[in-house]
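Those protein sequences? They're chains V and E, same order as listed. Quick note: the first sequence uses the working numbering, first residue 7, plus one each step. Quick note: the second sequence uses the working numbering, first residue 546, plus one each step. Heads up, the thing below is written out as structure tokens.
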Amino acid sequence: EPEVTQTPSHQVTQMGQEVILRCVPISNHLYFYWYRQILGQKVEFLVSFYNNEISEKSEIFDDQFSVERPDGSNFTLKIRSTKLEDSAMYFCASNSDQGNGYTFGSGTRLTVV
Amino acid sequence: GESVGLHLPTLSVQEGDNSIINCAYSNSASDYFIWYKQESGKGPQFIIDIRSNMDKRQGQRVTVLLNKTVKHLSLQIAATQPGDSAVYFCAETAGNQFYFGTGTSLTVIP
Numbered sequence: 007e008p009e010v011t012q013t014p015s016h017q018v019t020q021m022g023q024e025v026i027l028r029c030v031p032i033s034n035h036l037y038f039y040w041y042r043q044i045l046g047q048k049v050e051f052l053v054s055f056y057n058n059e060i061s062e063k064s065e066i067f068d069d070q071f072s073v074e075r076p077d078g079s080n081f082t083l084k085i086r087s088t089k090l091e092d093s094a095m096y097f098c099a100s101n102s103d104q105g106n107g108y109t110f111g112s113g114t115r116l117t118v119v
Numbered sequence: 546g547e548s549v550g551l552h553l554p555t556l557s558v559q560e561g562d563n564s565i566i567n568c569a570y571s572n573s574a575s576d577y578f579i580w581y582k583q584e585s586g587k588g589p590q591f592i593i594d595i596r597s598n599m600d601k602r603q604g605q606r607v608t609v610l611l612n613k614t615v616k617h618l619s620l621q622i623a624a625t626q627p628g629d630s631a632v633y634f635c636a637e638t639a640g641n642q643f644y645f646g647t648g649t650s651l652t653v654i655p
């Protein structure tokens, strides 16, 4: 069964550093998403991406964040100048049709120290 | 903003019994709903979905019921198994992004 692959599974970074979280969506999917889940809290939408541009973003997704699809397979989330409160699980998701459910990756656990 | 919440944060059931997990949503414009299962350390896994033009949908051992009048969604799991132990989220959308509830932790007692 096709999977969304995320790397690394766990990233530890010092406060103020930049991190890039990587995702390989399912190959025939057209819509890509990043969500985050702070420990013990609900999954929160960050951003959606379609046709090489952001289609929607939440209030969380401020100038500290950016997304990119650098080639035909990867979809990245960059977090600049990380803060302690950025520590969370970050999930990438994709789907082939905006009106359908997503396939989520297993997530990257980001720990900012 | 939208509010999606769950009535019970935890649920314990005996193996073999049926489980019912409930969810309330506040956005009357939401037209698509999904139940996800999340096991520890893993991403949300799609279980079943339902669109607002339906009030019931069945899958393998799972049934989702939608009551748009009271903005309530439920997930029924038949013959619950130990492998069903996980956190279950409902998610709703009126467009592109999904709004997730806080989750109900289901524990199946052998």
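Using N, Cα and C, we set each Cβ at its ideal position, and we do this for glycine too. Just so it is clear, the structure is predicted and the values come from calculations on it, not from any experiment.
DSSP state of residue i mapped onto helix, strand, coil
i	result
E91 (chain V)	helix
D594 (chain E)	strand
Test: residue i CB closer than 7 Å to a CB of chain V
i	result
K587 (chain E)	yes
F645 (chain E)	yes
F591 (chain E)	yes
Q603 (chain E)	no
N641 (chain E)	yes
I579 (chain E)	yes
D629 (chain E)	no
D562 (chain E)	no
Nonlocal neighbours in the same chain, by C-beta distance under 8 Å from residue i, ignoring five residues either side
i	result
G107 (chain V)	N101
Cβ-Cβ separation, residue j to residue i (assumed contact under 8 Å), whole Å
i	j	result
V123 (chain V)	F97 (chain V)	It is not possible to answer for residue 123 (chain V), since the shown part of chain V is limited to 7 through 119.
E24 (chain V)	K84 (chain V)	7 Å
N641 (chain E)	S61 (chain V)	6 Å
Y633 (chain E)	W580 (chain E)	6 Å
V653 (chain E)	T625 (chain E)	5 Å
Y41 (chain V)	Q104 (chain V)	Actually they are not in contact, since the Cβ atoms of Y41 (chain V) and Q104 (chain V) sit about 16 Å apart, beyond 8 Å.
P554 (chain E)	S650 (chain E)	7 Å
Y39 (chain V)	A99 (chain V)	4 Å
Counterpart residues of residue i in DSSP-defined beta bridges
i	result
R602 (chain E)	E:V609
I26 (chain V)	V:K84
I644 (chain E)	Per the sequence shown, residue 644 (chain E) should be read as Tyr rather than Ile. Note: Y644 (chain E) sits in a beta bridge opposite E:E637.
K582 (chain E)	E:Q590, E:Y633
L116 (chain V)	V:Q17, V:A94
I60 (chain V)	V:F55
Y577 (chain E)	E:R596, E:T638
N101 (chain V)	V:Y37
Q79 (chain V)	Note on identity: in this sequence residue 79 (chain V) is Ser, with Gln being the wrong assignment. Note: S79 (chain V) sits in no beta bridge, so no partner.
I654 (chain E)	E:Q559
Q47 (chain V)	According to DSSP, which records beta bridges pairwise, Q47 (chain V) is partnered with nothing at all.
Q12 (chain V)	V:C29
T151 (chain V)	For residue 151 (chain V) there is no data in the structure shown, the boundaries of chain V being 7 and 119.
Cutoff 7 Å: residue i Cβ touching any chain E Cβ
i	result
D68 (chain V)	no
E24 (chain V)	no
F51 (chain V)	yes
K89 (chain V)	no
F110 (chain V)	yes
F71 (chain V)	no
E62 (chain V)	yes
G78 (chain V)	no
S33 (chain V)	no
S93 (chain V)	no
F97 (chain V)	yes
S102 (chain V)	no
K84 (chain V)	no
Sequence-distant residues of the same chain with beta carbon closer than 6 Å to residue i, five excluded per side
i	result
C568 (chain E)	L551, L618, C635, G646
F578 (chain E)	I595, L618, E637
L27 (chain V)	L83, Y96, T114
E74 (chain V)	T82
I593 (chain E)	W580, G604, V607, V609
Spatial neighbours of residue i in its chain, beta-carbon cut-off 7 Å, leaving aside the 5 residues before and after
i	result
L90 (chain V)	M21, V118
F591 (chain E)	I579, Y581
Residue i: contacting residues in chain B (beta-carbon distance under 9 Å)
i	result
D594 (chain E)	The structure shown has no chain B; the protein chains it does contain are V and E.
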